[in-house]
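Novice: The structure follows.
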Amino acid sequence: MTSFPRRARAAAGSSSIRAMPAEPTLAQLRHEMDLLNAQLVELLHARGRLCRTIGAWKARHGHAVADPAREDAMLAALLQETPTDGYSRPQVEVILRAVFAASRARVAGMDGVAG
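Each residue of the sequence shown is one higher than the one before, starting from 72 at the first, in my numbering.
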């Protein structure tokens with residue numbers, strides 16, 4: 072199986088989130104949430120750009136936009152190790168399926184967003 076979970080953990084471990092004091096304030100917690108939200112949005116945009124590049128490659132080489140087997144493999148690899156202190160496995164699956172669907176729409180040009 073692929074090493075998606077390892078890569079995801081490595082990316083998460085490289086974040087700018089710092090250790091919190093024993094009892095952080097609500098403002099500190101919200102600041103950490105803002106940092107994570109910004110990282111999440113940047114990662115989604117990076118994924119969207121890569122999807123467009125992959126879509127262009129597929130178009131030049133006569134491949135279909137969607138590859139359900141590839142999506143299933145990515146999803147299985149990412150869900151293989153779900154931590155117990157974050158979102159549940161079903162919640163992560165819903166989020167990832169939404170990202171995959173948005174990616175397909177982006178590549179297919181069905182999202183109404185130019186280039």
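Glycine included, each C-beta is placed from N, C-alpha and C at the ideal position.
Buried or exposed, going by whether 16 or more other CB atoms sit within 10 Å of the CB of Val178?
Specialist: For the purposes of this step, residue 178 is taken as residue 107 along the sequence shown, with counting starting at 1. Val178 comes out buried.
Novice: If you drop the 5 nearest sequence neighbours on each side, which residues of the same chain put their C-beta closer than 6 Å to that of Gly119?
Specialist: For the purposes of this step, residue 119 is taken as the residue at position 48 of the sequence shown. Cβ neighbours of Gly119 beyond the five flanking positions: Arg177.
Novice: Quick check: what's the CA-CA separation for Gln110 versus Met104?
Specialist: Here residue 110 corresponds to residue number 39 of the sequence shown, with the count starting at 1. Here residue 104 corresponds to residue number 33 of the sequence shown, with the count starting at 1. In a straight line, the C-alpha of Gln110 is about 10 Å away from that of Met104.
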